[in-house]
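Accompanying notes for the structure given below.
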Amino acid sequence: MNVPRRSPQSHRWSRRAALQAGGASLAGLRFGAAHLGLAQAQDGTPRAATPESSMLLTDSLVQAFVTDVESALATFRVPGAAVALFEGDRVVYAGGFGVGNMATGAPVTDRTRFRIGSNTKSMTSLLVATFVDEGLLAWDDLVIDHWPEFQAPTAGLTGSLRVRDLMGMGSGIEESPTIEFFMSGGGDSAPDVLRSIPYQHVFAPPATAYAYNNTLVCAAAYLGPISQGVSLDALEGVYATLLAERIFAPIGMADATIRDDPRALGSDYAVGYVYDVFGQPGTVPFVSIDGAAPAGAGLASAADMARYLLTQINGGVTPDGARIVSAANLAETHTPGITVEPGAPGGLPSLLLPDTTAMHYALGWFDQTFVDGRHLLWHSGGIDGFGSLMGFFPDERVGFVFLTNLEPASSGIFNFSIQASLLSRLFGLNPDLPELLESFVPVVDEQRAQLAARTRPILPSEVSGFLGLYSDGFALRLDEAGGLWLDHDIRSLPLLALADGGYIVVNGPGVIQGRAVTLANDDRGQPTMTIEGFAPVRWLTGG
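In terms of the numbering used here, the sequence shown opens at residue -2 and continues consecutively.
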């Protein structure tokens, strides 16, 4: 894959706003006993500790990298970040930078809980690997054989999709372009998510093109419980409990859970932030994605994630020496599959890939090949107010975790900048990328200032005929001060008018902030609302 360079001006961040959700309790499920035998069986042993003399993460390299992180935190105006570096069988560095709460000044630590978004996907694939170990599923089993009611968008796909196809992003089934916003807004139960599959768009034959699909990942996670007779209404709680029993607890991920709001779990948690079009930071609510939990509901600390990735590096053996999954089935989740072309939705733009020769998706992981032949397994994640990045080099047995409390459209640039700093110091890869990404800052600031200068206050009289409820769960309302708000689920997003016509979302998640909003009457005189990049929604009733 030849990856051309592009100038900062040609780049527009559009990272997928991934997902976060809560779980419920489980009682009487038949999985437990069979799996516990596997978890405690020592049919594999951890590798010997890496000798200090051969360490890639030397003290001097780590100290230099910490300086890089501190500098990038200020450059990209990230409120807080947690970082962990690991090699072989141990965590080499884990620490916090900045603050988890701008109001209180509470510092980030390696035990601060962050939302990890789509980094949950590899945990889901690991859970499915334990189902395969147990004999409940096989990677090439047909989905319909375990769930006779399963329906894909076509009869051919219904009868041919395999378990691995649900997680490999090569099914040829594409989610709605608005899925990022609607799913991360909450409200859809597990049955809702599963019942939406037949209505998704088929854009290519299987195994011919990459398309990121959260819904199918959820189907993979729920397939094992469904095959055991668990009702669709109980799937969310079953998933959360199985992940805790099979992954979090045995690995020793003391802070990890499936949950949308960390505040009830203790005081060491990060608050999510976003900068509005005027450059001012604001807090972001802890939204829930309910039934889409397996695609991105993780909540964890850097200490947790380091132990999780050590388990991945060591073939399914935890830092304490317990095997939780067979090496063979874990390796299946790491095996490269569909090619990911530069700029593909859910992938990376060309400018972030200067030393990359190929990119593939595995099962919950991206597999990236560099010019020197090295392979990096990685994934990013995000939800409102949070962005994260994790990865490891399987052959060199070295890796990283970065967790931040800033909207992923902004924190993604920070994460990939410090990743490039680390790869440059380790292997001489992507040495110019941090400087390139830093050059985005004044460009983005100027674009934001120009956009802010075009805004004006709302005139209530010009929007009075458009207030009320719209299709797809949207609503427009005026507050007592005359401010215009776009509501969807638990979100309330402020709008301002543009001097040259139309309106704009001035604050909110990166998937929607800064987007133009048009209000107009259709041919029949019916009010409609169109948000840039989204399908038009029609007015239903006034209010």
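Just so it is clear, CB atoms sit at the ideal spot from N, CA and C, and this is done for glycine as well.
- About 5 Å separates the beta carbon of Leu426 from that of Asp352, a gap short enough to meet the 8 Å contact definition.
- Assigned with DSSP and collapsed to three states, Met302 falls in helix.
- Looking only at Thr254, Ala246, Met164 and Ala341, the smallest Cα-Cα distance to Ala237 is reached by Thr254.
- For Met250, there is no enclosing alpha helix (DSSP H), as DSSP marks it with neither H nor E.
- Uninterrupted alpha helix (DSSP H) stretches at least 4 residues long and entirely within the segment 45 to 98 occur at 56 to 72, given in chain order.
- Arg474 has Trp482 as its beta-bridge partners, per DSSP.
- Taken through DSSP and simplified to helix, strand or coil, Asn326 comes out as helix.
- The beta carbon of Val514 sits closer than 8 Å to those of Leu483, Leu492, Gly499, Tyr500, Ile501, Val502, Met526, Thr527, Ile528 and Glu529, all from its chain and outside the five residues before and after it, given in chain order.
- Across the structure, Val199 and Thr205 are spaced so that their CA atoms are roughly 12 Å apart.
- Arg451 sits in coil when the DSSP states are folded into three classes, being neither helix nor strand.
- When the beta-carbon positions are compared, Asp137 and Ala289 stay at least 9 Å from each other.
- In the three-state reduction of the DSSP assignment, Gln225 falls in the coil class.
- Distances from the CA of Asn412 to each of Phe62, Ala187, Ile248 and Ala446 were compared; the closest alpha carbon is that of Phe62.
- When secondary structure is reduced to three states using DSSP, Gly234 falls in the helix class.
- The segment 317 to 328 makes no contact with the segment 86 to 102: fewer than 3 CB pairs, one atom from each, lie closer than 8 Å.
- The C-beta distance from Ala267 to Val105 rounds to 7 Å, short enough to fall under 8 Å.
- With a 10 Å radius around the Cβ and a threshold of 16 neighbouring Cβ atoms, Glu233 comes out buried.
- Contact check for Ser119 against Gly361 passes: the beta carbons are separated by less than 9 Å.
- In this structure, the straight-line span from the alpha carbon of Arg161 to that of Val96 is close to 40 Å.
- Judged by beta-carbon spacing, Gly92 lies within the 9 Å limit of Ala299, meaning their Cβ atoms are closer than that value.
- By the neighbour-count definition (other C-beta atoms within 10 Å, threshold 16), Ile321 is a buried residue.
- A check of alpha carbon separations from Val395 across Val440, Gln60, Ala472 and Leu82 identifies Leu82 as the nearest.
- In the structure shown, Phe275 falls within a coil segment according to DSSP collapsed to helix, strand and coil.
- Look at Ile410 here: in three-state DSSP terms it is helix.
- Here Ala241 carries a helix assignment [DSSP, helix/strand/coil].
- DSSP places Phe363 inside the beta strand (DSSP E), whose first and last residues are Phe363 to Phe367.
- Note on Pro457: under 16 other CB atoms within 10 angstroms of its CB, so exposed under the neighbour-count rule.
- The segment 266 to 284 and the segment 448 to 456 touch, with three or more beta-carbon pairs separated by less than 8 Å.
- Between the C-alpha atoms of Pro316 and Met250 there is a straight-line separation of about 11 Å.
- Inter-residue distance for Phe367 and Asp429 is about 15 Å (C-alpha atoms, whole angstroms).
- Looking at Phe463, Ile380, Glu443 and Glu84, the one whose alpha-carbon comes closest to that of Asn311 is Glu84.
- Note on geometry: alpha-carbon atoms of Asp392 and Leu373 lie some 9 Å from one another.
- Excluding sequence positions up to five before and after Thr332, its CB lies within less than 7 Å of the CB of Ala359, all in the same chain and listed in chain order.
- For Ala217 and Ser122, the gap between their C-alpha atoms comes out near 8 Å.
- Going by beta carbons, Ile410 and Phe73 fall inside the 9 Å limit.
- Arg535 counts as exposed, since fewer than 16 other beta carbons sit within 10 angstroms of its beta carbon.
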